[in-house]
Structure formats: structure tokens, C-alpha cells
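Residue numbers (UniProt numbering), protein chains in the order written: chain A, 1 to 78; chain B, 1 to 415.
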């Protein structure tokens, strides 16, 4: 697993209070990990803070699973 | 309209002198001080370096981590005492009519820690707003009632009352009124506060409201002592389950006491200074007695507002003497703030719990830290100095007065 993926996983475990085993690539924040709309906003903010980037709203709307977050960040974090 | 009777069937407490109702009573009966140097932040540069903090509190013992993280401490405290009170009431949540069950809570300030931290975070940044999506719901005072109603599925009225240090008493009176008027049958009521933060201590220090007796925190809260120099900031929560009498009887509930009266008044005088002749304080006690249909001679114990401030303490005593005349000498008076510190918007809640427990135990909790008589106060009065007193207690009056001149009093009766 990439360093980015490790960090993403850690943030999700911390913010959503879920078990590591639940944070699979296909896991949806809202359907599988119990996030509500506010949690989702907070996750995006944490990714921005952790990786020092800004994720535009139209991009953030497409990040709804663990895998999508990792793919987006791997492509956009320098 | 025939008003219904309202009784107390459950209690919860999280205070600087005990994290449960039984620990709280032990602290009260034994005259324990909750004051100590501040641990929540570095108070080195503050004029007051101590407070009455809640001790050994781990929110994750009561709430799951994600839930706890979404709440300001004042809401965490609210959840903990509500749970203790609901458990204590023995209520079967599956069988009650949740549309006739409400949550009316009190908080003077709300999420001060969250407000302070989020705004400070913004201030040190480059102007880019990076507020947490939970900032607003952690800060706004009503979310304490909101979370409690969500937790227990209570679908009747739910909101928070704000009247500074009278907040929780106003919440209790509102609950009382709705139940006795037939608008609901059950209320989770009380209040919580968590203002021991840089902004809380700094703000009250700027008003010169706090004791600065840093060399002896545990003796700093000394209501009615000649050398009192301000209040000691406290934090925590108290909860009462109010229930319509027949409803409580029908389910075989344990009944602690009856809530028989609530009074309100305003000083209409000054934002922080009490009325010099104790006018508002007198009127609120009169209104509570009238509401309860009681005579001054019926009162056995007054749990006073008594914050340990130079101006506030004597005006309340003046008002008591004017209200009760000769009977004032037969009443026990005590300020439990000498032990708990001043819990602001939660004060009325923990003092209501203390008042109910005083009836249960037939014991008046003391006004601790009395060293020197104040010659401005009538020494013939019984301030219950330093040691709890056992006596016959049928009826207790509890006073709370808030900045803004909001006064609220309630009366409990043995059942």
C-alpha cells in the first residue's frame, strides 16, 4: 500500500471511528462507514490539510469511496 | 384549568465534587471543595489560575469516539447526566409515549471551547476559512437538548433556555409548566456548562468577577465570609427527570420529591450588578411561593445563589430577610457553590439535584470555607457554616440569578 493510502486509511479510521478492517478500497463513506454529509466534508478537509492541497468542490463530489480518495490524492499530491 | 402535579423520578450529576449523583451527595454532605489549579490549559498568565473542574472524565467511557468528537464538552456532560437520570428513573423507553416526552435544557454559554478553538485556528491562518463542519453544531447551545432528544427518541418539545446563571432553572420551570398544563408527561431537564477555557477565565477575570485567591484555591469560594473576593468558575451538569404524578405512580416509579412551584422575575436594573435592595431576588422568591401556594413559614431550607461575590451575597440575604421576616431565623441557608464553584448555566441544575437530595437525606449541605463573620450580614441567620446539618426538611427553595438581571427560583416538597 502506498504512503498516501496508509495516511488516508488512518484519517478515515480516526474521523469516522471505524475498524481498520472495514476500510476497504470499495468501502463507501456513507453507505459502508456510517458517514453523514458533515463527516464527508470533514474528511475532504482533513485530506486537504494532511496533503497540503486544495480539492475543488466539483472534484470532492466524486470522492465517495476509500479507493476514489486514494486515486485522486495519488494523482494530485506532488 | 386544573394543574397536574409534577414529581422528580430520576437524577443525574457530573460535578467538580463527584461524577455521579451518589458521589456528588458524598461531596456535599462532607463539605468537599472541588477547586484546584486549572489543568485544562496553561493559566500561568491569568489572574485566576484555579477553577472547579470536572475530574477524571473520559467521554469515551460513555460515548463512542466519533460521537464524542462531534460534541463540545458541555454536550458530552449533558449526555452523561441524562443517561444517569434516565437509568435512575427506571423508565422503559419502549413503552412511553415519546410524543409526550420532551427535553428542555439550560446552558448559559454553550460550546465555548469549540468556539474559542475554531476562531483561534482561523485567526492564526492566512485568512482562508477552514472551519470544521462540526463547528456550528458543537458551539450552539441548543444541541445539548438536540442530542439528548435524538438519543432517547423523545419527540415532544426540545430546546435550550439561556438566562446566564439562571438558565437551568428556567429550563426546569418550563418543563414543570408544560407538564402541569398537560402539554407533555415527561421531561429530561437540567443544564450543563463547560466554560473553564482561556476565553471563559479571561472574560470573567476582565469583569473582576472571579476570586483571585491563587494561594488557596480550595478556600476561595467562601460565600458570606467577610473576605470573599469573587466566584470560582465551575463546570459540569445536572439532570432531573420530571414526570406527571399519575404517570409516575402508574408505572411504579421511585419518586424523590414533588416540584411544587417556580417563580421568575427580572431586576431591570444593571447587566451585572444585582439590584441594591435585592428587589428582583425578593420578587422571584415571592413569585415562587405564590406559584406553589405556600407561605414563607413553610420553607425549611434555602439553597441560595450565593456565589461568593462581595455585592451579590448580601443582596440575596437582604431579600431573604425581607421575604421571610422572623421565619428567616428558622430556615437553614446554604450555598453549595462553596463546594462546587459556580457552574453558570448549569448551577440551577446541580443545585436542584442538591435540593432534592437534601430532602431525601433530611440533611442540609453546608456553606464551607467560613472563617470570618461579615458584620454586614445578620449573624442570627443559620448559614449552615462548614458542616452539614441534619434537620426535618419538607420544603426547599432554590434560587438562581443571572447576569442581565434574570432571576428564577423553584420549590421542592417532600412527598
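A virtual CB, placed ideally from N, CA and C, is assigned to each residue, including glycine.
Predicted model only: the values in this text are computed from it and were never measured.
- request: Throw me the rounded Cβ distance for the residue 400 (chain B) and residue 16 (chain B) pair, which I believe falls under 8 Å.
  value: About 17 Å separates the two Cβ atoms, so there is no contact after all.
- prompt: Quick one: what's residue 264 (chain B) bridged to in DSSP?
  reply: B:408
- request: Give the C-beta separation of residue 315 (chain B) and residue 376 (chain B) to the nearest angstrom, bearing in mind that I take them to be a contact with Cβ-Cβ under 8 Å.
  value: Actually they do not touch by this definition, with Cβ atoms about 11 Å apart.
- prompt: Of all the options B:288, B:415, B:124, B:33, which has the alpha carbon lying nearest to the alpha carbon of residue 172 (chain B)?
  reply: B:288
field: Partners in chain B for residue 17 (chain A), counting only beta-carbon separations shorter than 7 Å
entry: 64, 65, 66
message: Taking only three categories from DSSP, how would you classify residue 277 (chain B)?
response: coil
message: Between residue 132 (chain B) and chain A, is any beta-carbon pair separated by less than 8 Å?
response: yes
message: Suppose contacts are defined by Cβ-Cβ distances below 8 Å. Is residue 258 (chain B) in contact with residue 415 (chain B) by that definition?
response: yes
task: Report the option in B:122, B:43, B:152, B:211 whose CA atom is closest to the CA atom of residue 97 (chain B).
output: B:152
field: Endpoints, the alpha helix (DSSP H) within which residue 71 (chain A) is located
entry: 66-76
- prompt: Terminal residues of the continuous beta strand (DSSP E) containing residue 303 (chain B)?
  reply: 301-303
query: Using 8 Å as the threshold, is the segment 312-330 of chain B in touch with the segment 25-36 of chain B, meaning 3 or more CB pairs across them?
result: no
task: Grab the span of the alpha helix (DSSP H) containing residue 334 (chain B) for me, first residue to last.
output: Unbroken run through residue 334 (chain B) is the beta strand (DSSP E), 332-334; no alpha helix (DSSP H).
task: Determine the DSSP secondary structure at residue 208 (chain B), reduced to helix, strand or coil.
output: coil
- prompt: Under the three-state reduction of DSSP, which class applies to residue 30 (chain A): helix, strand or coil?
  reply: coil
- prompt: Any residues in the UniProt domain "Carrier" (2-77) of chain A with a beta carbon nearer than 7 Å to a beta carbon of chain B? Which ones, in chain order?
  reply: 16, 17, 38, 41, 42, 45
query: What are the start and end residues of each continuous alpha helix (DSSP H) run of 4 or more residues lying completely inside the segment 53-92 of chain B, in chain order?
result: 65-69, 73-89
- prompt: Would DSSP call residue 235 (chain B) helix, strand or coil?
  reply: coil
task: To the nearest angstrom, report how far apart residue 68 (chain A) and residue 6 (chain A) are at their CA atoms.
output: 14 Å
- prompt: DSSP beta-bridge partners for residue 14 (chain B)?
  reply: B:237
- prompt: Looking only at C-alpha atoms, which of B:131, B:292, B:139 sits nearest to residue 262 (chain B)?
  reply: B:292
- request: Please name the residue, chosen from B:79, B:53, B:56, B:52, that lies closest to residue 64 (chain B) on a Cα-to-Cα basis.
  value: B:79
field: Anticipated Cβ contact below 8 Å, residue 221 (chain B) with residue 407 (chain B), distance rounded
entry: So it is not a contact: roughly 21 Å between Cβ atoms.
- prompt: residue 235 (chain B) and residue 343 (chain B): beta carbons closer than 8 Å?
  reply: yes
message: Rounding to the nearest angstrom, what Cα-Cα distance links residue 206 (chain B) and residue 45 (chain B) in this structure?
response: 13 Å
message: Among the candidates B:19, B:24, B:41, whose CA atom is the shortest distance from the CA of residue 62 (chain B)?
response: B:19
query: For the candidate residues B:346, B:192, B:338, B:413, whose alpha-carbon lies nearest to that of residue 299 (chain B)?
result: B:413
- prompt: According to DSSP, is residue 16 (chain A) helix, strand or coil?
  reply: helix
message: Give me the DSSP bridge partner(s) of residue 193 (chain B).
response: B:236
message: Between residue 272 (chain B) and residue 403 (chain B), how many whole angstroms is the CB-CB distance? I'm expecting something under 8 Å.
response: 5 Å
field: Other residues of its chain near residue 372 (chain B): CB distance less than 7 Å, five sequence neighbours each side excluded
entry: 225, 226, 227
- request: For residue 350 (chain B), collect the residues of the same chain with a Cβ closer than 7 Å to its Cβ; drop the 5 residues on either side in sequence, then sort them by chain order.
  value: 13, 15, 236, 238, 340, 343
task: Report buried or exposed for residue 379 (chain B), applying the criterion of at least 16 other Cβ atoms within 10 angstroms of its Cβ.
output: exposed
- request: Give me whichever residues DSSP pairs with residue 315 (chain B) in a beta bridge.
  value: Its beta-bridge partners do not exist; DSSP assigns none.
- prompt: Can you list, in chain order, the residues of its chain whose CB lies under 7 Å from that of residue 311 (chain B), leaving out five sequence neighbours each side?
  reply: 273, 274
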